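Reviewing the structure listed below.
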Amino acid sequence: MDKYNISTKDQYDSIYKDSINDPEGFWSEIALRNFSWKSKWKNVLEWDFNHAKVEWFKGAKLNITENCLDRHLESNSDKTAIIFEPNNPNESSEKITYRSLFERVCQMSNVLKDKGVKKGDRVCIYLPMIPELAITVLACARIGAIHSVVFAGFSASALSTRINDCESKIVITSDGSYRGNKTIDLKGIVDDALLDAEIVDTVLVVNRINSKINLIEGRDVLLRPLLENAEKFCKAEVMDAEDPLFILYTSGSTGKPKGMVHSCGGYMVYTSYTFKNIFQYKKNNIYWCTADIGWITGHSYILYGPLANCATTVMFEGVPSYPDFGRFWDIVEKHKVNQFYTAPTAIRALAKQGTSYIAGKDISSLKVLGTVGEPINEEAWHWYDKNIGKGKCPIVDTWWQTETGGVLISSIPGIIEAKPTFATLPFIGVQPVLMDNNSNEISESDVVGRLCIKFPWPSIARTIWGDHKRYVDTYFSTFDNMYFTGDGAYKDSHGNFRITGRVDDVIIVSGHNLGTAPIEDVINEHNNVAESAIVGFPHEIKGNALYGFVTLKNSSNISENIKNEINKLISDKIGPIAKLDKIQFTEALPKTRSGKIMRRILRKIAANDFKNLGDISTLLNPEAVQAIIENHIK
Ligand code: WT7
Numbered sequence: 024m025d026k027y028n029i030s031t032k033d034q035y036d037s038i039y040k041d042s043i044n045d046p047e048g049f050w051s052e053i054a055l056r057n058f059s060w061k062s063k064w065k066n067v068l069e070w071d072f073n074h075a076k077v078e079w080f081k082g083a084k085l086n087i088t089e090n091c092l093d094r095h096l097e098s099n100s101d102k103t104a105i106i107f108e109p110n111n112p113n114e115s116s117e118k119i120t121y122r123s124l125f126e127r128v129c130q131m132s133n134v135l136k137d138k139g140v141k142k143g144d145r146v147c148i149y150l151p152m153i154p155e156l157a158i159t160v161l162a163c164a165r166i167g168a169i170h171s172v173v174f175a176g177f178s179a180s181a182l183s184t185r186i187n188d189c190e191s192k193i194v195i196t197s198d199g200s201y202r203g204n205k206t207i208d209l210k211g212i213v214d215d216a217l218l219d220a221e222i223v224d225t226v227l228v229v230n231r232i233n234s235k236i237n238l239i240e241g242r243d244v245l246l247r248p249l250l251e252n253a254e255k256f257c258k259a260e261v262m263d264a265e266d267p268l269f270i271l272y273t274s275g276s277t278g279k280p281k282g283m284v285h286s287c288g289g290y291m292v293y294t295s296y297t298f299k300n301i302f303q304y305k306k307n308n309i310y311w312c313t314a315d316i317g318w319i320t321g322h323s324y325i326l327y328g329p330l331a332n333c334a335t336t337v338m339f340e341g342v343p344s345y346p347d348f349g350r351f352w353d354i355v356e357k358h359k360v361n362q363f364y365t366a367p368t369a370i371r372a373l374a375k376q377g378t379s380y381i382a383g384k385d386i387s388s389l390k391v392l393g394t395v396g397e398p399i400n401e402e403a404w405h406w407y408d409k410n411i412g413k414g415k416c417p418i419v420d421t422w423w424q425t426e427t428g429g430v431l432i433s434s435i436p437g438i439i440e441a442k443p444t445f446a447t448l449p450f451i452g453v454q455p456v457l458m459d460n461n462s463n464e465i466s467e468s469d470v471v472g473r474l475c476i477k478f479p480w481p482s483i484a485r486t487i488w489g490d491h492k493r494y495v496d497t498y499f500s501t502f503d504n505m506y507f508t509g510d511g512a513y514k515d516s517h518g519n520f521r522i523t524g525r526v527d528d529v530i531i532v533s534g535h536n537l538g539t540a541p542i543e544d545v546i547n548e549h550n551n552v553a554e555s556a557i558v559g560f561p562h563e564i565k566g567n568a569l570y571g572f573v574t575l576k577n578s579s580n581i582s583e584n585i586k587n588e589i590n591k592l593i594s595d596k597i598g599p600i601a602k603l604d605k606i607q608f609t610e611a612l613p614k615t616r617s618g619k620i621m622r623r624i625l626r627k628i629a630a631n632d633f634k635n636l637g638d639i640s641t642l643l644n645p646e647a648v649q650a651i652i653e654n655h656i657k
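Quick note on the numbering used here: the sequence shown kicks off at 24 and runs consecutively.
Listed below in C-alpha cells is the structure:
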C-alpha cells in the first residue's frame, strides 16, 4: 500500500487530490495492490445517484474471507487474530490464531452447508459477543450466505421483524448471554420471536451460560457438537464484488427498520483501507474496538477491516462497569492495547466515576484513541485526552453511518490534527458538501448546512433489502444527485466538519440510532394512549435521552403505572435502549393548523428552554403549549 499509505499531511493532501480527480484510477489501484481477487472487474465504477445505483468493481470475483483469513496463513498462521475477553475477568481470555480462526470458520461453514444454507440465503445471527459470533459471520461470508446480525439486546418482536423482513430460515443463537452480573435468556427470546416468524425451520444453539436448554424437536440443534465433527476446510464460494455480503438493520425516522445491504468488494476495500490509515495500525499492534458486532462499527472495525489487515483485534463480551468501572483499563493493561475505539456515551459514563479507576493501571501501551456514534462534547473529549491519552494519544473522532459502511470524516493520528468536537476532514475519496434550505451547495465556510456526499465511495450501501424505492426516497431524493446523510454539520474556514446532529426524526441515544415514529407507534398501542410525541433532550451520559409527551384517552386515571406500562411495552417491542427517561401526560399536543405535531416546540420544552419557542400564535392550539410548560418534567 506504500504509495497510498497516509503518513504525512502533504501526502494526505496529494492522495486526496488524486482520489477526487481520478476516483476510478485511485480505487482500482488500492484494490489491486492490497487484495486477492480471483478475477478482475470490467468497470471500476458505475453510478447514478438519482436512481441510487452504485456498482464498484462489478464483474470482479473474490471471497472476502480469503482476504481476511486464507492469505494470512502462509506467514502469519500463528499470529493472534482475535483476543476474546470474557465478561467475567476470572474466566481466561482466549487467543484465536489466524490458523485456528480459519479452521473454525471452515467448520462453521460446513455446518451451515449441511443445514442447507446456500449462496444468497439470509442467515440471522442473534448471539452475544463470543467467538462463535465472529466465526458465524465469517462462515456466512465464506459460503456466500448473507448474514443479518441482530444485536442481542433487541427484543423478541424486533428480532422477528428482522427475520421476516429478510426471510431468514435459520437463526444462530446461544442459550443466554452474560452482561455484567446478569444473564439474559437469549434462547427464550428467540423462542418468543419465532412464534411470529414461522419461516424459520432451523435454530442452532451455542451453549454459553450452561442453562438448561429447551430444544424444540425438529427445529433446534446444539451447535458445538456439530462443529466438533465438521471438517476444518471449506472451499470459499466465488462471489461477485457486487454480490451482497450482509444486511444490517438501522432505524428509520418512520416505519419498520431499514435493512441496509452491503456488497462484497467495495466494502472490503474501503473498510480495510480506512482501518489501516485512520487507526494508523502497524504490524503487531493490538487493536480494540468496544462496540458490539451487532452494530456496523463491529462489522467494519472489529471484524472485516482489522482481519483484512492481518491485525489482532480484541472482542470484549462484557460491559464497562463490571466488575467495576476500571474494567476497560484492566483490559488495556492486560492485552497492551495500542488503539482503543469507543463511544462518547461510554467516555461520559466513565468520566463521571472520576479517575480512581484509572490510577495505578498501566495503560501506557495506548497510542491512538477513537470515538464514534454521536457528537462528542468538549468536556468528554478533554477528559479522554487527559486521563486516558495522557495528552499523548491523538483522538480520532470518526463520523460515519450504518449506510456508509466505513468512516467518511475523521482526523488521522499525527497527520490530520484533531480539533475537539470536530470530525475534521473527509477521508480519501470522500466528497462531503453542505446544502442550504434552498437545495444549493454552500460554497463559503463558517456555515451550517445539511451534510451530503456528492460522489460514491466504495462501501456505500447498495440498497434497502426488498425496498429499493425506500432507499431512493430516504437518501437520494432530498437533493438532486446527492447522498443525504440526515445529519447537520458546520464547516470552519479550514474545511473541518463538525457534526451538529440529526436533522430528521432520528435521535441518537447512547450512540444508538432511534427513530421517533416507531417508538410512538408502540406507545400508541397502549389501550389508554390517544396520542404521543417523542423528542430528545440533552443527557449527561447518554448524549440524548427520550422525553415522551402523551395524551390519554381517559385522563381521570393518570398513574405511575401507566408510565411503567408504556416503558414495558417499548422494552418488549423494541428493546430497553428505547425506553423513555421522562413521560409527561398532557391534555393536548401543540399542533399546526394542518394537524402536524410541533416537535420543534416540544424539543425546546424538554430541554428547559422556554424562551425561544418562536411564534406560537399560528398554532391550532397555542394554549396547549402553556399547559405543557407548567407541568413539564425538569
Ligand atoms: C449516525 C449514524 C457509524 C457507527 C455508529 C453509528 C451519528 C456517528 C458520529 C460522530 C457525530 C456521529 C450521526 C450519524 N454519528 N458518528 N463521530 N460525530 N455524530 O451508526 O447507528 O448508523 O448512526 O450517528 O448522526 O448519522 P448509526
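Every residue gets a Cβ at the ideal spot worked out from N, C-alpha and C, and that includes glycine.
From a predicted model like this one, the values you see are computed outputs, not experimental measurements.
Excluding the 5 residues preceding and the 5 following residue i in the sequence, name in chain order all residues of the same chain whose CB lies nearer than 6 Å to its CB.
{"i": "Glu265", "result": "Glu78, Lys81, Ser286"}
{"i": "Leu245", "result": "Val228"}
{"i": "Thr31", "result": "none"}
{"i": "Gly176", "result": "Gly598"}
Measuring alpha carbon to alpha carbon, tell me which residue in the options is nearest residue i.
{"i": "Lys602", "options": "Ala650, Leu227, Lys591, Arg127", "result": "Lys591"}
{"i": "Asp503", "options": "Ile476, Ile483, Ala484", "result": "Ile476"}
{"i": "Gly317", "options": "Thr31, Tyr498, Lys565, Ala157", "result": "Ala157"}
{"i": "Ser51", "options": "Val573, Trp480, Thr394", "result": "Trp480"}
{"i": "Thr615", "options": "Lys634, Glu588, Ile593, Asn644", "result": "Asn644"}
{"i": "Asp214", "options": "Gly199, Tyr272, Glu117, Asn252", "result": "Gly199"}
{"i": "Ile639", "options": "Ala629, Ile624, Ala630", "result": "Ile624"}
{"i": "Gly668", "options": "Ile106, Val456, Ser433", "result": "This structure cannot speak to residue 668, because the chain is shown only from 24 to 657."}
{"i": "Arg94", "options": "Pro112, Lys76, Arg122", "result": "Arg122"}
{"i": "Asn113", "options": "Ile589, Asp353, Gly328, Ala630", "result": "Asp353"}
{"i": "Ile153", "options": "Ile106, Leu68, Tyr345", "result": "Ile106"}
{"i": "Ala372", "options": "His562, Glu251, Gly143", "result": "His562"}
{"i": "Glu47", "options": "Thr365, Trp70, Leu218, Ala629", "result": "Trp70"}
{"i": "Asn204", "options": "Asn463, Leu389, Pro343", "result": "Pro343"}
Are the Cβ atoms of residue i and residue j separated by less than 8 Å?
{"i": "Ala259", "j": "Glu89", "result": "yes"}
{"i": "Asn567", "j": "Ile606", "result": "no"}
{"i": "Asn110", "j": "Glu340", "result": "yes"}
{"i": "Ile195", "j": "Thr159", "result": "yes"}
{"i": "Tyr324", "j": "Phe348", "result": "no"}
{"i": "Phe520", "j": "Ala446", "result": "yes"}
{"i": "Leu124", "j": "Leu92", "result": "yes"}
{"i": "Ala181", "j": "Ile651", "result": "no"}
{"i": "Val134", "j": "Leu249", "result": "yes"}
{"i": "Val360", "j": "Ile399", "result": "no"}
{"i": "Trp488", "j": "Ile270", "result": "yes"}
{"i": "Ala556", "j": "Leu642", "result": "no"}
{"i": "Ser191", "j": "Ala216", "result": "no"}
{"i": "Glu254", "j": "Cys163", "result": "no"}
{"i": "Cys189", "j": "Ser171", "result": "yes"}
{"i": "Gly428", "j": "Thr336", "result": "no"}
{"i": "Gly559", "j": "Leu575", "result": "no"}
{"i": "Leu85", "j": "Met283", "result": "no"}
{"i": "Cys333", "j": "Lys586", "result": "no"}
{"i": "Ile435", "j": "Tyr27", "result": "no"}
Using C-beta distances below 7 Å, list every residue in its chain close to residue i, excluding the 5 sequence neighbours before and after it, in chain order.
{"i": "Ile656", "result": "Lys605, Gln607"}
{"i": "Ser433", "result": "Ile301, Val419, Asp420, Thr421, Trp422, Ala446, Thr447, Phe450"}
{"i": "Glu401", "result": "Pro443, Thr444"}
{"i": "Arg247", "result": "Val229, Asn230"}
Here's a check: name, in chain order, each residue in its chain whose Cβ is nearer than 8 Å to the Cβ of residue i, leaving out the five neighbours to either side.
{"i": "Gly511", "result": "Val471, Gly472, Arg473, Leu474, Ile522, Thr523, Gly524, Arg525, Val526"}
{"i": "Met24", "result": "Model confidence at Met24 stands at a pLDDT of 47, short of 50, so the residue's coordinates are unreliable; what they give is reported in the following sentence. Taken in chain order, the residues that qualify are Ile53, Arg56, Asn57, Tyr296, Lys299."}
{"i": "Thr368", "result": "Gly396, Glu397, Ser533, Gly534, Ile564, Lys565, Gly566"}
{"i": "Ser116", "result": "Ile106, Phe107, Glu108, Pro109, Lys357, His358"}
Would a check of beta-carbon distances place residue i closer than 8 Å to chain B?
{"i": "Gln362", "result": "No chain B is present in this structure, which holds just one protein chain."}
At least 3 beta-carbon pairs within less than 8 Å: the stretch 512–519 vs the stretch 468–481: yes
Are the stretch 487–497 and the stretch 537–550 touching by the rule of at least three beta carbon pairs closer than 8 Å? no
At least three beta-carbon pairs within less than 8 Å, the stretch 394–408 to the stretch 436–448: yes
Between the stretch 195–213 and the stretch 226–237, do at least 3 Cβ pairs fall closer than 8 Å? yes
Can you check the stretch 511–588 for any alpha helix (DSSP H) of at least 4 residues that lies completely inside it and give the ranges in chain order? 539–547
Check whether the stretch 232–239 touches the stretch 134–144, counting contact only when three or more Cβ pairs, one atom from each stretch, lie closer than 8 Å. no
Contiguous beta strand (DSSP E) assignments of at least 3 residues, all confined to the stretch 384–436: 391–395, 418–421
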